[in-house]
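In the working numbering, the protein residues as written are 1 to 167.
Ideal Cβ positions, reconstructed from N, Cα and C, are used throughout, including at glycine.
Contents: one structure, followed by commentary.
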């Protein structure tokens with residue numbers, strides 16, 4: 001037996017190598033653009049181990065055991081489980097249906113309305129359905145003893161709230 005030839009790697013060793021290959025791929029390209037099936041890894045393993053059917057089968061077993069999901073183009077995803085991918089797809093669909101937009105609150109100022117906790121939900125509902133207040137705030141957050149209102153124009157909102165309190 002030739003001592004220069006290494007014996008086939010274990011399934012666990014194959015998994016570690018495949019994980020390293022895919023992580024390197026993501027670091028270099030931002031995503032996996034080359035690996036769709038077990039045979040795509042064979043060239044790497046054949047550079048380290050003698051080519052054989054048993055090596056191919058071992059790599060196939062490792063890929064199967066890793067249970068990696070695939071993206072929409074059929075490439076392996078290393079950083080998420082199949083469950084996470086399913087959850088992400090569901091969230092994506094909900095985001096589309098709800099027309100979700102990311103809006104920064106960095107430029108917003110806050111106003112706190114201290115009030116009886118029994119009225120928080122009802123007042124939130126009324127404010128969100130008020131024609132007078134609809135363009136005066138970005139969002140409202142209920143707290144244990146009131147409401148925090150985020151606005152881009154604090155003075156204008158304060159004026160309208162003061163006027164409503166004095167009616």
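Distance check between residue 104 and each of 139, 61, 159 and 57 places 139 closest, using alpha-carbon atoms only.
The alpha carbon of residue 54 has as its nearest neighbour, out of 147, 7, 150 and 74, the alpha carbon of 7. When only Cα atoms are considered, residue 166 and residue 133 end up about 16 Å apart. Residue 114 is bridged by DSSP to 146. Close CB contacts of residue 40 within its chain, under the 7 Å cut and outside five residues either way in sequence, are with 34 (chain order). Taken atom to atom, the span from the alpha-carbon of residue 107 to that of residue 113 is near 20 Å. Per the Cβ contact rule, the segment 110-127 is not in contact with the segment 85-92 (fewer than 3 Cβ pairs under 8 Å). Using a 10 angstroms sphere on the CB of residue 49, the tally of other CB atoms reaches 16 or more, which defines it as buried. Between residue 52 and residue 96, the alpha-carbon positions lie close to 48 Å from each other. Rounded to whole angstroms, residue 62 and residue 31 show a C-alpha spacing of 21 Å. Comparing alpha carbon positions, the residue from 24, 160, 145 and 136 closest to residue 151 is 136. Shown here, residue 31 sits in coil according to DSSP, grouped into three states, outside any helix or strand.
Within the same chain, 136 come within 8 Å of residue 156 by CB-CB distance, once the 5 residues on both sides are set aside.
Around the beta-carbon of residue 37, fewer than 16 other beta-carbon atoms lie within 10 Å, marking it exposed. Straight-line spacing of the CA atoms in residue 23 and residue 13 works out to 15 Å.
With 16 or more other Cβ atoms from the protein chains shown falling within 10 Å of its own Cβ, residue 58 counts as buried.
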